[in-house]
Every structure is written in C-alpha cells, then in structure tokens.
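Here's the structure we're looking at; comments come further down.
Protein chains: 2
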Amino acid sequence: MSLVYKSEKTITHYMCDRSRSLTLPMLVNLLLEVSEEQSSELSRDESYLKARGVNWIILRYEFSVSRMPNLKETINIETRASEYNKLFTYREFVVKDSSGKVLLTVDTTFALMDLSTRKMVRLTDEIVSPYQATASRRIRRSDKPKELTDFDDCKQRTFDVRYFDIDGNGHVNNAHYISWLLDSLPSDFLKSHEVSWGVIAFDKEVSEHQSIDSLSMRRKERGTATDHQIKSEAAVHCKASFTWKKLNKEEH
Amino acid sequence: MSLVYKSEKTITHYMCDRSRSLTLPMLVNLLLEVSEEQSSELSRDESYLKARGVNWIILRYEFSVSRMPNLKETINIETRASEYNKLFTYREFVVKDSSGKVLLTVDTTFALMDLSTRKMVRLTDEIVSPYQATASRRIRRSDKPKELTDFDDCKQRTFDVRYFDIDGNGHVNNAHYISWLLDSLPSDFLKSHEVSWGVIAFDKEVSEHQSIDSLSMRRKERGTATDHQIKSEAAVHCKASFTWKKLNKEEH
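So the sequence lines, in the order shown, correspond to chains P and A.
Anchor point for the first sequence: position 53 equals 52 in numbering that gives the first Met the number 0, and the numbering is continuous, going up by one each time.
Anchor point for the second sequence: position 252 equals 251 in numbering that gives the first Met the number 0, and the numbering is continuous, going up by one each time.
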C-alpha cells in the first residue's frame, strides 16, 4: 500500500489572483513542494536523483476542483505515488480544507528524464521502492486534451520565455505553461469563471530564448469548456482542456 | 520602541532561479508575507484597511545583500516599522541564516492609498499606533536610483501585463516590476552575477492591458552597476539601480 504524505500550507497573497483565490500555477507549485517533501523524507530528494544523472519530469495533470482555496486559508495536502510501471509513476494529490472537506484532487503522471540526453529513462527499484507504490504493467489510458478543431477561430497570444521561467532542470517550469495556457483567454472570461476540471499534457520541453504561441478555443457544447495548445515554430509543446463554472463572487 | 516581528521561512523550488538561489521577486513576496503576518497579529491586516477604503502601497525598496538564501535553506525574517511621518512608514527587514548570520537587509517605504481615488492619503494613529514606531516630522532623504544617461545605449525589452500580474489592489504587484527590471539584462549577465545592492523607486501604477518597456544600462565606473527604468507611453512607472557581484558558482 502506498505511503501517504501529508502537509499543511497557508495561502498567502503572492499565491492568489485578484479575487483572492489560489491560482492554478501556484497550486501546482504547492503540490510539487509537498511531493518533494515526501521524497526528502524517504531520502529520494532531488540531490539524490541528480547524483544519478536524472530528475523527475511531469507529463500530465488532471484537476477536479470543487472550490479553490482562498487567501489566508490553511489547507491540508495529501499525496501518494499510487502505481508505477517501467516508465511512469502515477501520483495523486488530495487538497482538503481545515474541516477535512475535499476541495480538489489532482492526478499526475511523472517520468524520469536523463539530464544529459534530455530523454525519458526507465524507473529503477532503487528510486521507486521507498514510496511503496503498486507495481503494474498497465499503462493508464486517461482522458486526453481535445484537439483544436478550427485554428482560424482561436484566441492567440505570444509569450517570450523570461529569465526566471527557467528552473533547475534547465527548462521552463510547468507552472509557467499553465499561466500561458490561461492567459490566452480574455481577461473578462478569467475574472468571471473558475476551473472545475482540467487536463494538461506536456510533450516537448520549452527552453530559454524561445517564443511560443498560446492558442485557445471556447467550446459551446455541455456548459463552458476551452481547449488549448502551446506551440512554437518547431513543435506543439503542450495541450490542455478545461471546463469552467461561472463565478458569482464580485472582485473585492 | 518599534515592535519586532519574526518569522521562519523555508526556501522551496518555486522560489528559486536556475542556480537554486532565492530570486529577488520571491524575496519581496516573502518579506511582504511576513509584514502582513505582523499586521494580522496586531489586528491591522488587509481586511481592516479595506474596510476603511485604503491599503498599503510600497514606494521604495533598498536591498543590501551579502548572500541570497539557497534552496531548502530555512531563514529567519525580522521586521519592524521603525519610523513614520504624516505620509510614510519606514519598515526594515533583516534576513538571517539558521546560525543568526545576517544574509541581507531591506529598507522599505510604505504609504497608504485610497482605493477609490488611487491617491495617497495621510496615515492615521488608529492604523499606525499598534506597530509602536517612532513618530517623526522628518521625511527621509535616501539614495535614489540613478537616471539613465544615454537612451540610445539601452537594452530594452517590452512586456505586456499578464492576467496573473494583477493583485488584490487592482494593479501590477511589485514583484512583477522586479522581474521586468532584471529581465531586460542579458541572460548571460544574470547567470553570472548576483545583486549586492539595489534601490527601486515606484512612481505610477501599471494596470491591466498596459504594455511597458523595461530599459537598462550598464555603468562602467566602480565595479558593475546597472540603472533601470520602466516606461509606458504615458509615464515612467519605476526607476532602479543595482550593483552586482560576479558569481563563482556554476549552474548545477
């Protein structure tokens, strides 16, 4: 049975948007902080991996959000590596409020990258076993982001990679992709809606000095949904789909 | 005598640059978090101010850095409002490592903004007295950022305000100005240098849907120094000067 790790976090101003809710990019930063805390506790932190020439990369997030945490709220984040196969580890996060009510869950897929070749490598028992995840041959077939059907009808915004977007792995940190994805949507839409579900799939790395286009389309069917791509001249780097619910709260 | 407030923080991945040092924008976020903790303790938090139609804005930072904190380091942040006059509060921060050695100090100037008129208003005893700062008629004459002497010789980079740059005050959060200021310098320079001293003066607010130019020049005299401006078509929003020391450490 997988080891569960728990950590308490308090939401501060710099983690929030204008309406004093935790942003999706900062949520991801907090989740990865808790995941790294577990790895440290199990003596499998980043320095252990780097000494072996590898580091974790994240290939996929799937969010189910009942309510995003608010400014000054103290939340409990639980995480466990639930299952692994030769290439992937599936890690789950559950975020609860102080009374134990589930605010949101996030399912993620991790893989190991060789830091010199920048390619995925097989997981080793030495790296994975302390988490006590279940070994399985099964590669999960999960929901994928929807393709953009009509490129002409897209919102598009161009972003140049900034100096501080680059992390210790030498590529753009995941959280920044999420800002790019969302920031292609009109500000009036973002102000009046909150993500209720989303899937983000990462494919090719984005590096320093690159410029990317963030494309998005709004779907009409079954409530409010948007589909997204992050593209450069060379490749599609990331795809995502979100469903949204309308916010009632006014800007404070 | 001013009340001193102390808080311990641990530096996580999302606070660091590629070399695993705390970034200047994230340092500022942590300082303001600690300052808000003190205000909460004294029942003068943001909600207290908003109920009175005002909020703090920051007009000036002056940094003296011996060493920036590193990833996973636990630091102690001490702060106090040292002095105030009719318009300004001067607040000091001291950041120490776990053995009590001073890593850096930051002096700041706060003012109160009326949230409807967006103009500065006089401080009231009700708001200021719990901090036990010294009242003084004196308006401090502090070091100012140097003017840019030769506009033709500037590095320049344009930034569009992003959705998540806007904070609860409805304008671009201070930390983002600092990213813009630094990001106009070449990436090779930023990789090989660390700020040892700096002064940032904020003048006009930057709002959503604005586009700004971040200009910088490198001075030759007395070691390595840079001067900066953030401009829009309408105004100069911010000026800054930094002195730099060369880093010996390689990228990990």
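C-beta: ideal position from N, C-alpha, C; glycine also.
Item to check | Status (buried if at least 16 other CB within 10 Å, exposed otherwise) for GLU250 of chain P | outcome: As a working mapping, residue 250 of chain P is identified with position 251 in the first sequence. Per-residue confidence for GLU250 of chain P stands at a pLDDT of 46, beneath the threshold of 50, marking its modelled position as unreliable; the derived number appears in the next sentence. GLU250 of chain P should be labelled exposed.
Checklist entry - Any residues in the segment 148-164 of chain P with a beta carbon nearer than 7 Å to a beta carbon of chain A? Which ones, in chain order? => result ARG161, TYR162 and PHE163
Next on the checklist: Cβ closer than 7 Å: which chain P residues qualify as neighbours of LEU31 of chain A?
Outcome noted: For this step, residue 31 of chain A is matched to residue 32 along the second sequence. Going along chain P in sequence order, the residues near LEU31 of chain A (Cβ under 7 Å) are HIS12.
Item to check | GLU61 of chain A beta carbon less than 9 Å from that of ILE10 of chain A | outcome: Here residue 10 of chain A is taken as the residue at index 11 of the second sequence, counted from 1. Here residue 61 of chain A is taken as the residue at index 62 of the second sequence, counted from 1. No; because the gap between Cβ atoms is not below 9 Å, this pair is not in contact.
Checklist entry - For GLU125 of chain A, which of helix, strand or coil comes out of DSSP? => result For the purposes of this step, residue 125 of chain A is taken as residue 126 along the second sequence, with counting starting at 1. Here GLU125 of chain A sits in helix by DSSP.
Checklist entry - So who's on the other strand from ARG218 of chain P, going by DSSP bridges? => result Working through the first sequence from its first residue, we reach residue 218 of chain P at position 219. ARG218 of chain P is bridged to P:ALA224.
Checklist entry - Starting from LEU29 of chain A and walking both ways along the alpha helix (DSSP H), at which residues does that stretch end? => result On the second sequence, residue 29 of chain A is found 30 positions in, with the first residue counted as 1. Its alpha helix (DSSP H) spans residues 23-40.
Item to check | First through last residue of the alpha helix (DSSP H) which encompasses HIS236 of chain A | outcome: Within the second sequence, numbered from 1, the residue matching residue 236 of chain A stands at position 237. No alpha helix (DSSP H) holds HIS236 of chain A; the beta strand (DSSP E) holding it covers 235-245.
Item to check | Members of the segment 189-218 of chain A that neighbour chain P once the beta carbon cut-off is set at 9 Å | outcome: LEU189, LYS190, GLU207 and HIS208
Checklist entry - Closest Cβ-Cβ distance between THR116 of chain P and chain A: below 9 Å? => result Position 117 of the first sequence, counting from 1, holds the residue named residue 116 of chain P. Not an interface residue.
Item to check | Assumed close pair CYS153 of chain P, SER215 of chain P - CB separation to whole angstroms, cut-off 8 Å | outcome: Residue 153 of chain P sits at position 154 when you count from the first residue of the first sequence. Residue 215 of chain P sits at position 216 when you count from the first residue of the first sequence. Yes, CYS153 of chain P and SER215 of chain P are in contact; Cβ-Cβ is about 6 Å, under 8 Å.
Item to check | Beta-ladder partner(s) of THR148 of chain A, from DSSP | outcome: Looking up residue 148 of chain A in the second sequence gives position 149. DSSP, once it has assigned bridges, lists no residue as partnering THR148 of chain A.
Checklist entry - Distance, Cα to Cα, LEU30 of chain A vs ILE76 of chain A? => result The residue you call residue 30 of chain A lines up with position 31 of the second sequence. The residue you call residue 76 of chain A lines up with position 77 of the second sequence. Taking the straight line joining both Cα atoms gives about 7 Å.
Next on the checklist: Can you give me the C-alpha to C-alpha distance between VAL120 of chain P and ASN168 of chain P, rounded to a whole angstrom?
Outcome noted: Taking the first sequence and counting its residues from 1, one reaches residue 120 of chain P at position 121. Taking the first sequence and counting its residues from 1, one reaches residue 168 of chain P at position 169. Straight-line Cα distance between these residues: approximately 15 Å.
Checklist entry - Does the separation of the CB atoms of SER6 of chain A and PRO129 of chain A fall below 9 Å? => result Taking the first residue of the second sequence as position 1, residue 6 of chain A is located at position 7. Taking the first residue of the second sequence as position 1, residue 129 of chain A is located at position 130. Going by C-beta atoms, SER6 of chain A is not nearer than 9 Å to PRO129 of chain A.
Next on the checklist: Report the CB separation of ASN324 of chain P from ARG136 of chain P in whole angstroms; it is logged as a contact under 8 Å.
Outcome noted: The question about residue 324 of chain P has no answer, for chain P in this structure spans 0 to 251.
Item to check | Cβ-based burial, ARG139 of chain A [other Cβ within 10 Å; buried from 16] | outcome: Residue 139 of chain A sits at position 140 when you count from the first residue of the second sequence. When all chains shown are included, ARG139 of chain A counts as exposed.
Next on the checklist: Looking at chain A, is there any beta carbon in it that lies within less than 9 Å of the beta carbon of ASP16 of chain P?
Outcome noted: Locating residue 16 of chain P in the first sequence gives position 17, counting from the first residue. With respect to chain A, the C-beta atom of ASP16 of chain P has a partner C-beta closer than 9 Å.
Next on the checklist: So that I know if they touch, is there some Cβ in chain P lying closer than 9 Å to that of CYS237 of chain A?
Outcome noted: On the second sequence, residue 237 of chain A is found 238 positions in, with the first residue counted as 1. It does not: the Cβ of CYS237 of chain A has no partner Cβ on chain P nearer than 9 Å.
Next on the checklist: Check this for me: beta carbons of LYS190 of chain A and SER81 of chain A, under 9 Å apart or not?
Outcome noted: On the second sequence, position 191 is the one that residue 190 of chain A refers to. On the second sequence, position 82 is the one that residue 81 of chain A refers to. Contact: no.
Checklist entry - Among residues of its own chain, excluding the 5 on either side of ASP113 of chain A, which ones have a beta-carbon nearer than 8 Å to its beta-carbon? => result Here residue 113 of chain A refers to the residue found at position 114 of the second sequence. Result list for ASP113 of chain A: GLY52, VAL53, MET119 and VAL120, in chain order.
Next on the checklist: One question on the structure: do ILE177 of chain P and THR108 of chain P come within less than 9 Å of each other, judged by their Cβ atoms?
Outcome noted: Position 178 of the first sequence, counted from the start, is the residue given in the question as residue 177 of chain P. Position 109 of the first sequence, counted from the start, is the residue given in the question as residue 108 of chain P. In this structure, THR108 of chain P does not lie closer than 9 Å to ILE177 of chain P by Cβ.
Item to check | 9 Å Cβ cut-off: residues of chain A touching ARG79 of chain P | outcome: Mapped onto the first sequence, residue 79 of chain P falls at position 80. Ordered by position in chain A, no residue passes the 9 Å Cβ test against ARG79 of chain P, which lies about 20 Å from the chain.
Next on the checklist: So with CB distances below 9 Å, who are the chain A contacts of SER178 of chain P?
Outcome noted: Numbered from 1 along the first sequence, position 179 holds the residue referred to as residue 178 of chain P. Those within 9 Å of SER178 of chain P in chain A are ARG161, TYR162 and PHE163.
Checklist entry - Using a beta-carbon distance cut-off of less than 7 Å, what residues from the segment 53-69 of chain A approach chain P? => result none
Checklist entry - So, is ASN247 of chain A buried or exposed, given that buried needs 16 or more other C-beta atoms within 10 angstroms? => result Counted from its first residue, the second sequence places residue 247 of chain A at position 248. Exposed is the call here.
Checklist entry - If you run the structure through DSSP and keep just helix, strand and coil, what is ALA80 of chain A? => result In the second sequence, residue 80 of chain A corresponds to position 81, counting from 1. Correct three-state label for ALA80 of chain A: strand.
Checklist entry - Leaving out five residues before and five after VAL198 of chain P in sequence, what residues of the same chain have Cβ atoms less than 6 Å from its Cβ? => result For the purposes of this step, residue 198 of chain P is taken as the residue at position 199 of the first sequence. Cβ neighbours of VAL198 of chain P beyond the five flanking positions: GLU61, ASP142, PRO144 and SER240.
Item to check | Between the CA atoms of ALA134 of chain A and ASP106 of chain A - distance to the nearest angstrom | outcome: Along the second sequence, read from residue 1 onward, the residue named residue 106 of chain A stands at position 107. Along the second sequence, read from residue 1 onward, the residue named residue 134 of chain A stands at position 135. Approximately 17 Å between the Cα atoms of the pair.
Checklist entry - Between which two residues does the beta strand (DSSP E) harbouring ASP113 of chain P extend? => result Here residue 113 of chain P corresponds to residue number 114 of the first sequence, with the count starting at 1. 101-113 is the extent of the beta strand (DSSP E) around ASP113 of chain P.
Next on the checklist: With a threshold of 9 Å between beta carbons, is ARG43 of chain A in contact with chain P?
Outcome noted: Indexing the second sequence from 1 puts residue 43 of chain A at position 44. Not closer than 9 Å to any Cβ of chain P, the Cβ of ARG43 of chain A fails to qualify, so no.
Checklist entry - Roughly how many angstroms lie between the CA atoms of ASP124 of chain P and LEU26 of chain P, to the nearest whole one? => result In the first sequence, the residue the question calls residue 124 of chain P occupies position 125. In the first sequence, the residue the question calls residue 26 of chain P occupies position 27. It is roughly 30 Å from the alpha-carbon of ASP124 of chain P to the alpha-carbon of LEU26 of chain P.
Checklist entry - For a contact meaning CB atoms closer than 7 Å, what does GLU35 of chain P contact in chain A? => result The sequence position of residue 35 of chain P within the first sequence is 36, counting from 1. The contacting residues are HIS12.
Item to check | Pair within 9 Å by beta-carbon distance, PHE163 of chain A and ASP182 of chain P | outcome: If you number the second sequence from 1, residue 163 of chain A lands on position 164. If you number the first sequence from 1, residue 182 of chain P lands on position 183. Taking 9 Å as the Cβ cut-off, PHE163 of chain A and ASP182 of chain P qualify as a contacting pair.
Checklist entry - Applying the criterion that 16 or more other CB atoms from any shown protein chain within 10 Å of the CB defines a buried residue, is PHE201 of chain A buried or exposed? => result In the second sequence, residue 201 of chain A corresponds to position 202, counting from 1. Around the C-beta of PHE201 of chain A, 16 or more other C-beta atoms lie within 10 Å, and the residue is accordingly described as buried.
Item to check | Environment of PRO24 of chain P [buried if 16+ CB atoms lie within 10 Å] | outcome: Position 25 of the first sequence holds residue 24 of chain P. When all chains shown are included, PRO24 of chain P counts as buried.
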